[in-house]
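Participant: The structure is given below, and queries will be raised subsequently.
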Amino acid sequence: MRSINRTGLVSGTGLVITGLTATLVALVFPVWSYADRSGTGLDTLNAQTVSTQFGPLSALDREFITKVRLAGLWELPAGQQAQERGTTQAVRTAGEHLIEGHTFLDARVRNVAARLGLELPNQPNPQQQQWLATLSAAHGTDYDQKFANILRKAHGKVFSVVAQVRANTRNSLVRDLADDANTTVLDHIKVLEATGYVDFDALAQDAATASPPPLTNSPAPPGPTQSPGSPIPVTPSSGYPLPPAASRAKPSSTP
Numbered sequence: 001m002r003s004i005n006r007t008g009l010v011s012g013t014g015l016v017i018t019g020l021t022a023t024l025v026a027l028v029f030p031v032w033s034y035a036d037r038s039g040t041g042l043d044t045l046n047a048q049t050v051s052t053q054f055g056p057l058s059a060l061d062r063e064f065i066t067k068v069r070l071a072g073l074w075e076l077p078a079g080q081q082a083q084e085r086g087t088t089q090a091v092r093t094a095g096e097h098l099i100e101g102h103t104f105l106d107a108r109v110r111n112v113a114a115r116l117g118l119e120l121p122n123q124p125n126p127q128q129q130q131w132l133a134t135l136s137a138a139h140g141t142d143y144d145q146k147f148a149n150i151l152r153k154a155h156g157k158v159f160s161v162v163a164q165v166r167a168n169t170r171n172s173l174v175r176d177l178a179d180d181a182n183t184t185v186l187d188h189i190k191v192l193e194a195t196g197y198v199d200f201d202a203l204a205q206d207a208a209t210a211s212p213p214p215l216t217n218s219p220a221p222p223g224p225t226q227s228p229g230s231p232i233p234v235t236p237s238s239g240y241p242l243p244p245a246a247s248r249a250k251p252s253s254t255p
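Residue numbering for the sequence shown follows full-length UniProt numbering, beginning at 1 and increasing consecutively.
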């Protein structure tokens, strides 16, 4: 009886120790895992943010600046083309708004990038070049429809990015640029819709099935950078010049 009781006592003690150990591990593991865990949203924000005299500059801020420049590199030629190929006054008016809006925004983004020491692209990305090629191959009413829908779809996606940047940026230059971009993009959305060619059902279906867009490579953080080369012509750049090449201004001591 004594050996049985002693065995039972030992077994019971072992169970208690095991239970206490498991409880301790359960309590300690979450603290350890969260204390050492990396890759959270806040960690990413801190790791990809650099300090400037205008406030912190995040990776999203830099991506936004790049996207504004890219938009002008293909929408300016598209607007000039629409003024010549559009079969209705509404399409030609939309082209005129694209030219005016992105001429203004391109000057603004070049100034902002120069003050922040960022490099800017000088040619549209592959997707934008494909859009320009599609427009160049179209004629008549088919051109009007493709112009209105391709540009409207692109502006709708940019509109949400502008809102996100405006709501969250801590950089005063980026905040002001987002204000200008918001006004310009909304104007372009309205004039494109005024053509009467926008397929709203297709836009809704695309939004419902679209996967998250790939990130645009952000430009280098503030610091010494080499001036980019001359713009590289793309279709339909012949007869439709791109905006001036991006260049850096001399650093300013005051905002």
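The beta-carbon is built from N, C-alpha and C at its ideal position, and this holds for glycine as well.
Computed from a predicted model, the values in this text were never measured in an experiment.
Of all the options D199, V91, T103, which has the alpha carbon lying nearest to the alpha carbon of A71?
Facilitator: T103
Participant: Got a sec, what are the start and stop residues for the alpha helix (DSSP H) S124 sits in?
Facilitator: Residue identity check: residue 124 is Pro in the sequence provided, not Ser. Element bounds for P124: n/a, residue is neither H nor E.
Participant: Thinking C-beta only, is L105 closer than 8 Å to T184?
Facilitator: yes
Participant: Quick one: grab the DSSP three-state call for V50.
Facilitator: strand
Participant: Taking the runs of the beta strand (DSSP E) that are 3 residues or longer, which of them lie wholly in the UniProt domain "DUF4142" (61–192)?
Facilitator: none
Participant: Might you give, ordered along the chain, the residues of its own chain that have their beta carbon closer than 8 Å to the beta carbon of D179, omitting 5 neighbours on each side?
Facilitator: R166
Participant: Between L57, R110, A148, which has its C-alpha nearest Q83's C-alpha?
Facilitator: A148
Participant: Nearest to F64 by CA position, among A114, Y143, P126, A163, is which residue?
Facilitator: A163
Participant: Can you give me the C-alpha to C-alpha distance between L173 and T134, rounded to a whole angstrom?
Facilitator: 35 Å
Participant: How should K190 be labelled, buried or exposed, when 16 other C-beta atoms within 10 angstroms of its C-beta is the threshold for buried?
Facilitator: exposed
Participant: Taking 8 Å as the cut-off, decide whether the C-beta atoms of A114 and L98 are in contact.
Facilitator: no
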